[in-house]
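Note sheet for the following structure.
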Amino acid sequence: MSKNVLIPALVFIACMARAENKVYAVIDLPPYGCEPSDGVGCINTEITQLIANTIEGKPATIHAFPYPRALHMFESGKSSILVALMNKRLMEQADVIELYSGVFYLVAMEKNVTSKRPTIAYLRGADAQKEIADAVDATPVEVNDYRQIIRMLKANRLDYVIIPGLLYNSEVKAVFNNAHVISEHSLPVVLYVNRQEAQHLGKIRDAVSQLSLNISEQCSQLNPQVCVTSTSQ
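So the sequence shown is numbered by our numbering: it starts at 54 and just counts up by one.
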């Protein structure tokens with residue numbers, strides 16, 4: 054085979070391999086996002102899977118990644134969609150479709166003695182959570198996942214946290230007798246679509262429209278401390 058034929062053939066094979074290995078990212082953020090599994094149902098994972106299947110026209114491969122990597126995959130175009138909380142930076146570079154609202158609590162950890170400026174932890178890149186945190190007179194601590202918040206609580210390093218309602222009841226209220234909820238917030242969770250995928254936007258919107266009832270049913274079946282939809286608010 055001549056060089057002029059071999060090089061295009063190798064390029065074609067490499068492109069096909071990349072297409073076959075395409076992965077859609079979901080943020081590893083239980084109880085919302087997690088690795089696909091028959092034993093665990095995370096709403097963002099299921100939404101991502103259904104929309105990715107629509108784009109591909111066949112079962113697509115999705116994996117859960119830590120927040121920074123999932124964000125990089127989306128912003129670099131390696132993953133054409135991402136389900137996440139409202140984020141001004143992402144909104145400037147993507148088409149946005151609202152999906153549902155996540156239920157979050159602002160929680161205070163009462164302490165007998167406070168010898169330093171209090172701290173408040175919330176999810177990195179979640180602008181709506183940052184706005185809640187800004188209303189509290191405390192030093193902000195941004196984290197990549199809620200597991201980190203639980204570890205910091207156990208180490209007695211936080212005075213306030215913003216966490217999903219479900220985690221408060223399962224991981225905080227049940228463990229820390231000095232925790233109490235200050236306020237409850239319904240924060241919008243949206244689908245970001247990379248503008249490089251504009252050709253798929255129409256069918257993505259159609260898929261989301263068809264998913265609306267499915268999302269509503271999922272929220273009603275899940276603990277109401279996880280998510281709510283416009284019909285259930």
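For every residue, glycine included, the Cβ atom is placed at its ideal position computed from N, Cα and C.
Within a 10 Å sphere around the beta-carbon of residue 187 sit fewer than 16 other beta-carbons, which makes this residue exposed. The DSSP-derived three-state label of residue 148 is strand. When Cβ pairs closer than 8 Å are counted between the two stretches, the stretch 209–219 is seen not to touch the stretch 142–149, the count staying below three. Residue 182 sits buried, since 16 or more C-beta atoms from the chains shown fall within 10 Å of its C-beta.
Collapsing the DSSP output to three states places residue 118 in a strand.
Per the C-alpha coordinates, the member of 216, 224, 198 positioned closest to residue 87 is 198. Residue 176 carries a strand assignment under DSSP once its states are collapsed to helix, strand and coil.
Going by DSSP, residue 82 is part of no beta strand (DSSP E) at all; its letter is neither H nor E.
The distance from the Cβ of residue 257 to that of residue 114 is about 18 Å, inconsistent with a contact at the 8 Å cut-off. The continuous stretches of beta strand (DSSP E) do not include residue 98, which lies in the alpha helix (DSSP H) extending over residues 96–109. With a cutoff of 7 Å on beta-carbon distance, residue 158 and residue 77 are scored as not near each other.
With contacts defined by Cβ atoms closer than 7 Å, residue 242 and residue 124 do not form a contacting pair. Between the C-alpha atoms of residue 195 and residue 177 there is a straight-line separation of about 5 Å. CA-CA distance, residue 213 to residue 174, rounds to 6 Å. Taking the C-beta atoms as reference points, residue 100 is found no nearer than 7 Å to residue 156. Runs of the beta strand (DSSP E) lying entirely within the stretch 223–282 and spanning at least 3 residues, in chain order: 232–247. Going by beta carbons, residue 83 and residue 279 fall outside the 7 Å limit.
Under the three-state reduction of DSSP, residue 211 is assigned to coil, being neither helix nor strand. If you compare the alpha carbons of 103, 109, 118, 94 with that of residue 80, the shortest gap goes to 118.
Between residue 232 and residue 160, the CB-CB gap stays under 7 Å. Taken through DSSP and simplified to helix, strand or coil, residue 139 comes out as coil.
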